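Visitor:
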Amino acid sequence: MSLETEVAGIKLRNPLILASGILGMTPSLLKRVERAGAGAVTTKTILPRPSRGYENPVVVELPFGMLNAMGLPNPGIDEFEREFREARGSIEIPVIGSAGGNTPEEVAYVAGRLQDCGVDAVELNASCPHVRGHGLEVGSTPELMRELVSEVRRNVKIPIIVKLSPMVPDIASLGRSAFESGADALNAINTVRAMYIDVEAMTPVLSNKFGGLSGPAIRPIAVRCVYELAGICDVIGTGGVETWRDAVEMMLAGAKAVGIGTAIYRRGLEVFEEINRGLESYLLKKGLSLREIIGRARG
29 MSLETEVAGI
39 KLRNPLILAS
49 GILGMTPSLL
59 KRVERAGAGA
69 VTTKTILPRP
79 SRGYENPVVV
89 ELPFGMLNAM
99 GLPNPGIDEF
109 EREFREARGS
119 IEIPVIGSAG
129 GNTPEEVAYV
139 AGRLQDCGVD
149 AVELNASCPH
159 VRGHGLEVGS
169 TPELMRELVS
179 EVRRNVKIPI
189 IVKLSPMVPD
199 IASLGRSAFE
209 SGADALNAIN
219 TVRAMYIDVE
229 AMTPVLSNKF
239 GGLSGPAIRP
249 IAVRCVYELA
259 GICDVIGTGG
269 VETWRDAVEM
279 MLAGAKAVGI
289 GTAIYRRGLE
299 VFEEINRGLE
309 SYLLKKGLSL
319 REIIGRARG
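Numbering of the sequence shown is given in this note's numbering, commencing with residue 29 and proceeding in unit increments.
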């Protein structure tokens with residue numbers, strides 16, 4: 029049973045994509061995810077300059093997911109490019125480079141550098157909920173989204189994927205603005221801004237106070253967003269996918285591929301093969317191809 033799919037013109041051996049912000053900092057980690065069975069990998073968000081991120085504590089595990097405020101720690105585009113150029117040939121599946129910055133010009137600069145060092149597509153982090161000056165602040169309205177994507181499109185020829193936040197009044201209008209400005213696909217969703225307070229210490233647990241909630245708690249939100257966006261262009265469904273059933277739900281809502289993130293922390297890299305096997309069994313039982321279930325719940 030074939031699990032091949034295509035997103036933004038990029039062919040994938042299966043629909044499972046390593047989500048940004050998990051293990052995508054070095055080429056060796058990306059290679060590990062490839063061996064584990066992913067169809068594509070996304071780097072962590074790369075910034076123009078090195079960043080240490082926030083001080084500990086930056087992660088809180090919860091019964092229904094995970095809350096994190098890492099602060100986008102990364103080596104900066106210069107160091108990333110040096111390492112990635114040396115190892116690009118060893119990674120056989122598509123690599124999506126996540127680009128971030130304080131302004132559309134900075135994001136476009138990073139996206140151009142990522143293109144030059146050999147990524148197959150760039151993903152614009154227009155939705156990080158806990159880093160001031162990044163993410164939501166450069167892509168929270170259709171006007172800002174249009175400015176961001178247009179600037180990046182002037183700099184790159186490879187496919188552009190825009191990662192969207194659910195914390196907006198109308199995610200479909202953001203998606204349309206991104207697509208009309210030159211994006212090839214949308215990724216829904218990034219984490220949800222949230223908070224956790226220790227009732228004994230009577231203080232917020234995260235050093236940044238606020239963080240991004242991921243995991244099973246946000247999956248119904250992600251499914252709704254995918255459903256609303258799927259009529260615009262290709263969509264990657266990300267948010268709380270831990271089992272093959274979760275992946276199928278995303279695809280029935282209209283996702284052509286599915287992002288895997290927090291599940292790696294909770295279940296290990298084996299989650300890729302487990303979901304792929306479950307997808308194959310489901311399709312065989314239903315007598316359908318992968319293409320035939322995409323968007324099927326949309327009528």
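C-beta: ideal position from N, C-alpha, C; glycine also. For clarity, every value in this text was computed on a predicted model and none was experimentally measured.
1. Can you give, in chain order, each stretch of the beta strand (DSSP E) that sits fully within the segment 174–217 and has at least 3 residues?
2. Whole beta strand (DSSP E) runs in the segment 211–299 with 3 or more residues, listed along the chain?
3. Could you name the residues of the same chain whose beta carbon sits closer than 6 Å to that of Phe207, not counting the 5 residues immediately before and after it, in chain order?
4. Could you spell out the range, first to last residue, of the alpha helix (DSSP H) harbouring Ile321?
5. Since Ala149 sits in a beta bridge, which residues does DSSP pair it with?
6. Verify whether the separation of the beta carbon atoms of Ala154 and Leu192 is less than 8 Å.
7. Below 8 Å, how does it come out for the segment 83–100 and the segment 234–247: are there three or more Cβ pairs, yes or no?
8. Determine the extent of the beta strand (DSSP E) in which Ala68 is found, giving its start and end residues.
9. Please state whether DSSP places Glu34 in a helix, a strand or coil.
10. For Arg324, tell me which candidate among Arg80, Gly129 and Tyr255 has the shortest Cα-Cα distance.
11. How far does the beta strand (DSSP E) with Ile45 in it extend, from its first residue to its last?
12. Between Ala229 and Arg116, what straight-line distance do the alpha-carbon atoms span, to the nearest angstrom?
13. Apart from the five residues just before and just after Glu134, which ones in its own chain have a Cβ nearer than 7 Å to its Cβ?
14. Buried or exposed: where does Lys314 fall if 16 or more other Cβ atoms within 10 Å of its Cβ makes it buried?
15. Between Arg181, Val123, Ile119 and Thr54, which has its C-alpha nearest Val35's C-alpha?
16. Determine which residues share a DSSP beta bridge with Met94 and list them.
17. Taking DSSP's pairing of strands, which residues face Ile74 in a bridge?
18. Leaving out the 5 sequence neighbours to the left and right, which residues in its chain are closer than 7 Å to Arg174 when beta-carbon positions are compared?
19. When you compare the CB positions of Ile186 and Val150, do they come within less than 8 Å of one another, or not?
20. I'd like to confirm the pairing. Which residues does DSSP put opposite Lys59 in its beta bridges?
21. Could you check what DSSP says for Ser79 in three-state terms: helix, strand or coil?
22. Between which residues of its own chain and Ala369 is the CB-CB distance below 8 Å, once the five residues before and five after are set aside?
23. Return the chain-ordered list of same chain residues with a C-beta closer than 8 Å to the C-beta of Ile249, the five sequence neighbours on each side being excluded.
24. Could you check whether the segment 72–86 touches the segment 300–320, counting it as contact only if at least three pairs of C-beta atoms, one from each stretch, sit closer than 8 Å?
25. Per DSSP, Lys39 is paired with what?
26. Check Asn102 in the structure and name its three-state DSSP category.
27. Which residue marks the beginning of the alpha helix (DSSP H) containing Leu142, and which one marks its end?
28. Quick check on the burial criterion: 16 or more other C-beta atoms within 10 angstroms. Buried or exposed for Ser48?
Guide: Result, derived from the coordinates:
1. Unbroken beta strand (DSSP E) stretches of 3 residues or longer found wholly inside the segment 174–217: 188–192 and 213–216, given in chain order.
2. The segment 211–299 contains these whole beta strand (DSSP E) runs: 213–216, 220–223, 238–242, 262–266 and 285–288.
3. Ile260 and Cys261.
4. Note, Ile321: alpha helix (DSSP H), Leu318 to Ile321.
5. Assignment of beta-bridge partners to Ala149 by DSSP yields Ile124.
6. A contact, by the Cβ cut-off of 8 Å.
7. Contact between the segment 83–100 and the segment 234–247 is present, because at least three Cβ pairs lie under 8 Å.
8. Going by DSSP, Ala68 is part of the beta strand (DSSP E) stretching over Ala68 to Thr70.
9. Look at Glu34 here: in three-state DSSP terms it is strand.
10. Ranked by Cα distance from Arg324, the options Arg80, Gly129 and Tyr255 are led by Tyr255.
11. DSSP places Ile45 in the uninterrupted beta strand (DSSP E) bounded by Leu44 to Leu46.
12. Distance between Ala229 and Arg116, taken at the CA atoms: about 47 Å.
13. Cβ contact annotation for Glu134 (same chain, cutoff 7 Å, sequence separation greater than five): Pro76, in chain order.
14. In the assembly as shown, Lys314 is an exposed residue. Its beta-carbon has fewer than 16 other beta-carbons within 10 Å.
15. If we check each option's Cα against that of Val35, Val123 comes out closest.
16. Answer is Glu89 and Ser242.
17. For Ile74, which the question treats as bridged, DSSP gives the partners Ala127.
18. Short of 7 Å from the beta carbon of Arg174, and not among the five residues preceding or following it, lie these beta carbons of its own chain, in chain order: Ser205 and Ser209.
19. The answer is yes: Cβ separation under 8 Å.
20. Note: Lys59 sits in no beta bridge, so no partner.
21. Strand at Ser79.
22. What is shown of the chain runs 29 to 327, which leaves residue 369 out entirely.
23. Result list for Ile249: Pro194, Ile217, Val220 and Gly267, in chain order.
24. With contact defined as three or more Cβ pairs closer than 8 Å, the segment 72–86 and the segment 300–320 are not in contact.
25. Answer is Glu34.
26. Correct three-state label for Asn102: strand.
27. For Leu142, the enclosing alpha helix (DSSP H) has its first and last residue at Pro132 to Asp144.
28. Buried: at least 16 other Cβ atoms inside 10 Å.
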